[in-house]
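See structure below.
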Amino acid sequence: MYIKKRNNRLATIALSAALALGAVTPAWADSSLSAITATIGKVSITGSSYFELKQIHVLPDQSGKLATFTITIHNEGSSELQFIDYWVRLKSKSGNQFSARLLPADKDKNRVAPGSTTDLTFYATVNTSTNLHDLVVQFIKWDFSQSNFERVLGEIAVPDTYTDVTPSDGAAAISVNGTNVKAAIKKFVSNKNEKYHVPTVYVTLENAGNHTVTIPAYLFSIRTKEGLLYPLEAKGLKDLKINPKESKEIQLSGSIPVAVSTDDWQLAVAETIPDLKLNVSVANFGLPAVTQQEGGSVGKEYSFTSKSGIYTTQLNGLHRLPWEDQDLLTADLTLSNKGEESLPIPKLSGYFLLDGAVKIDAKLIQTAKVIGLGAGASVNLQIAGKVPYTYEFSQIKLVLQENEGETPPAGTGTGTATATDVLEFSTQAELQAIPFIGMGQSYTSNDIGRKAKYVVRSVSTYEDKTNIMYSAMVEATNLEKRFTNVSKFVANFRSSDGTVFPATIAEVKNKISPTGKALLNVWASVPKGYTTANMNLLLGEAVTEGKLSEGEKAVADSYVNPVSYWLPDEKTNVATTLKNVELFPYTITIDKIGTSIDNNVFTLKFNYELTKEKLTEINTEGHNLLLVFEDGGGIKRFEKKFDFKDFDVINGDSTADEDTKMRLGKRENFKITNPDPGLIYNTKFLQKYTLSIYDEFQGQRKLLATQKADWFITTD
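Taking our numbering, the leading residue of the sequence shown gets 434, the next gets one more, and so forth.
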């Protein structure tokens, strides 16, 4: 069985088709490797040779629904069997036919040797009203003696009793480069906090073949009974090699809104087929009953008493986050006053204890600017410590302490005061997954004085000969009733296999008006040829010495409140005219383009209109609008850069003709001159010239629009 997956955009398209597909290829009993055949049906080819339909799936897709199915060719004869003499068709029981295509990896599988078998996987787009049990797979042999040149060998209708879900106590056979890997669910843990279910699934993978295999970067998700898909992060999957008869365990974790019903959840596994930009199912499991954890404390409230009164504390979640060559351990706490009288904020500190032995000093971070708790009020606290990113542990304990006397210095976990343990939060190593924000969806921060909404507007790739600059544009909307500064963030791009690329943010220095917007340009250098498919953006609020980072000179030493954004597809189409070209938040139109040569001086003349989305602030440092002129023969070429930072200086009537920089507004007869004595002798005037617009960033560029025009004739 060959596999692939694609990113559904329930949390963006992240894992769209992919995860809805499940594989029921051979399933095993939990205690043995004896295969239970999951054949749907067989059709005879000749003699003892036959086709076998092993699995079939239907799932939602952008264009409707996607069906995939796998057949096995069994050649029991004494001569070679060639699949070029045969084909399969997919149709519905009502008679509709659908065009079936082979996956790219199977296109060259044409010859089946005597005594051997070959698996072929097909895909087809079907009607939105078509369901799994409506489908029929028909097998034909090309026969030129027939009027329609084909002979139907037989067909297999999907029976009503067929299911593509492996039972929670069973196992599925996953084919990895021709080697069977036994996949089974070992344990399912799910906690809950105020906003999210936080499931963790443990999956064992056992190599049932004779060769070492490297497990692909599969996509995993929880599928609800309504068909909603929620992506899971895989821990331990990157570059995972499994030797024959060896078992390895991976940990999957995620977050699902509490409003989603927990009934009949399934684990879906998929693999991406890059050539088709689709996700193909690998396996689909029913989830077992939740394993109850002793001492699990996420989402539970506990009280402690101090001299000031009674406080209630809840551990909302524990996260492990990338930080340079280390990882951050962070705990998100809510401190509440359930009483009827106001209380002061207690002097708290804390530390992590790993596996009962390794103590990790931690910093207490208070994100809200409050000094007391009114009756019924709450405040958010964070505790953060650092561990080597390679360090693994199975148990984690958070010890919360109250300090008597002097408050610990800012950004430290301890001071000269006596620290008393007031609460312990103990759990296994099921750290909570970072909340994912779906493609095009927004995240809202409700901290008092910093209320804002964040959404990823677009992504761009800038290239030169050796590097790729991958960039995301994050839009921040001020939800406060006053002008505010945009919060400082720490950013990382993360690939589907867990690789982390620390990112830089071009911060907006001006304050943002109420309902106004700021655009944060986030970028990172990515190796040439590295795929950015299924990349997500991890953003967290920057912290300096125990407080949220403020001011231009603040250098972040950690971050809190992490959120991951599934990124939209990059717009790669190149416009064929120079009208309404987006350089967000700017838009430029260039028309009335003309050329002339006088006294060996070449002049390019045009009209332009440059506009900007209102109430939007952006740091344009490093960005240029690049105009590239090239004659039809490719001999003469020149470039002209216009710095974005000059755009916001609106044209003045008295200097418009002399101004050589582009400004907001309209300009007529804008000229670019280029002295070149040899131009008239080398240029091929009978061929059209080309004028192109690039977005240039940090010296790397992206082509946005290009237009061809005739020499010495003014365009429309």
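We put the CB at the ideal spot given by N, CA and C, even for glycine.
Burial state of residue i, where buried means 16 or more other Cβ atoms lie within 10 Å
{"i": "residue 1029", "result": "exposed"}
{"i": "residue 790", "result": "exposed"}
{"i": "residue 575", "result": "exposed"}
{"i": "residue 490", "result": "buried"}
{"i": "residue 524", "result": "buried"}
{"i": "residue 889", "result": "buried"}
{"i": "residue 760", "result": "buried"}
{"i": "residue 1135", "result": "buried"}
{"i": "residue 584", "result": "exposed"}
{"i": "residue 684", "result": "buried"}
{"i": "residue 1082", "result": "exposed"}
{"i": "residue 556", "result": "buried"}
{"i": "residue 704", "result": "buried"}
{"i": "residue 501", "result": "buried"}
{"i": "residue 1101", "result": "exposed"}
Cut-off 7 Å between Cβ atoms - residues of its own chain near residue i, not counting five sequence neighbours on either side
{"i": "residue 616", "result": "604, 605, 607, 636, 638 and 716"}
{"i": "residue 507", "result": "482, 483, 485 and 550"}
{"i": "residue 564", "result": "491"}
{"i": "residue 1130", "result": "895, 902, 904, 1055 and 1056"}
{"i": "residue 854", "result": "832 and 834"}
{"i": "residue 465", "result": "With a pLDDT of only 37 at residue 465, under the threshold of 50, the placement of this residue in the model should not be trusted; the figure read from the coordinates follows. Cβ neighbours of residue 465 beyond the five flanking positions: none."}
Test: residue i CB closer than 9 Å to a CB of chain B
{"i": "residue 530", "result": "Structure shown: chain B not included; a single protein chain is present."}
Inter-residue spacing [alpha-carbon to alpha-carbon] between residue i and residue j
{"i": "residue 912", "j": "residue 951", "result": "12 Å"}
{"i": "residue 720", "j": "residue 693", "result": "16 Å"}
{"i": "residue 729", "j": "residue 682", "result": "Legend: pLDDT at residue 729 = 43, less than 50; position of this residue unreliable, value from coordinates given subsequently. One C-alpha to the other measures close to 22 Å."}
{"i": "residue 1098", "j": "residue 1104", "result": "16 Å"}
{"i": "residue 1133", "j": "residue 640", "result": "45 Å"}
{"i": "residue 869", "j": "residue 999", "result": "7 Å"}
{"i": "residue 1147", "j": "residue 1033", "result": "20 Å"}
{"i": "residue 534", "j": "residue 706", "result": "13 Å"}
{"i": "residue 793", "j": "residue 642", "result": "42 Å"}
{"i": "residue 872", "j": "residue 922", "result": "20 Å"}
{"i": "residue 985", "j": "residue 974", "result": "15 Å"}
{"i": "residue 860", "j": "residue 875", "result": "31 Å"}
{"i": "residue 847", "j": "residue 826", "result": "Annotation note: pLDDT 46 at residue 847 (below 50); position unreliable, coordinate value reported separately. Rounded to the nearest angstrom, the two C-alpha atoms are 24 Å apart."}
{"i": "residue 544", "j": "residue 511", "result": "13 Å"}
{"i": "residue 821", "j": "residue 595", "result": "48 Å"}
{"i": "residue 828", "j": "residue 786", "result": "8 Å"}
{"i": "residue 958", "j": "residue 711", "result": "26 Å"}
{"i": "residue 455", "j": "residue 600", "result": "In this predicted model, residue 455 has a pLDDT of only 34, less than 50, meaning its place in the structure is not dependable; the value taken from the coordinates is given anyway. The alpha-carbon atoms of residue 455 and residue 600 are separated by roughly 11 Å."}
{"i": "residue 528", "j": "residue 558", "result": "15 Å"}
{"i": "residue 909", "j": "residue 568", "result": "47 Å"}
{"i": "residue 592", "j": "residue 473", "result": "8 Å"}
{"i": "residue 709", "j": "residue 498", "result": "15 Å"}
{"i": "residue 480", "j": "residue 579", "result": "21 Å"}
{"i": "residue 430", "j": "residue 1061", "result": "Since the first and last residues shown for the chain are 434 and 1149, residue 430 lies out of range."}
{"i": "residue 774", "j": "residue 736", "result": "16 Å"}
{"i": "residue 1149", "j": "residue 560", "result": "44 Å"}
{"i": "residue 1044", "j": "residue 967", "result": "33 Å"}
Same chain, Cβ closer than 6 Å to residue i, five either side skipped, listed in chain order
{"i": "residue 1074", "result": "1057 and 1059"}
{"i": "residue 504", "result": "484, 486 and 553"}
{"i": "residue 609", "result": "646"}
{"i": "residue 1106", "result": "1034 and 1036"}
{"i": "residue 650", "result": "929 and 930"}
{"i": "residue 1078", "result": "1053"}
{"i": "residue 520", "result": "573"}
Neighbourhood of residue i by C-beta, 8 Å cutoff - its chain only, sequence neighbours within 5 removed
{"i": "residue 867", "result": "666, 688, 752, 754, 971, 995, 996 and 997"}
{"i": "residue 906", "result": "889, 890, 891, 892, 893, 952, 953, 954, 955 and 1017"}
{"i": "residue 1010", "result": "1138 and 1140"}
{"i": "residue 857", "result": "830, 831, 832 and 833"}
**Asked** Is the region 1004-1016 touching the region 983-994, taking contact as three or more C-beta pairs under 8 Å?
**Response** no
**Prompt:** With contact counted as at least three CB pairs below 8 Å, one residue from each stretch, are the region 996-1006 and the region 940-952 in contact?
**Reply:** no
**Asked** Are there three or more Cβ pairs, one per stretch, closer than 8 Å when the region 587-604 is compared with the region 670-689?
**Response** no
**Request:** Check whether the region 1024-1040 touches the region 1142-1149, taking contact to mean three or more Cβ pairs, one atom from each stretch, closer than 8 Å.
**Result:** yes
**Item:** Completely contained beta strand (DSSP E) runs for the region 856-898, where each covers 3 or more residues
**Value:** 876-878 and 885-896
**Request:** Please specify which runs of the beta strand (DSSP E), each continuous and at least 3 residues long, are wholly inside the region 492-574, giving them in chain order.
**Result:** 497-508, 519-525 and 549-559
**Request:** Go through the region 803-827 residue by residue and report every complete run of the beta strand (DSSP E) that reaches 3 residues or more, in order.
**Result:** 811-821
**Item:** alpha helix (DSSP H) runs contained entirely in the region 677-745, provided each spans 4 or more residues
**Value:** none
**Item:** contact_flag[the region 876-890, the region 929-942] where n(CB pairs < 8 Å) is 3 or more
**Value:** no
**Message:** List, from N- to C-terminal side, the beta strand (DSSP E) runs of 3 residues or more that fit wholly inside the region 979-1055.
**Reply:** 991-999, 1014-1016, 1019-1031, 1034-1045 and 1049-1051
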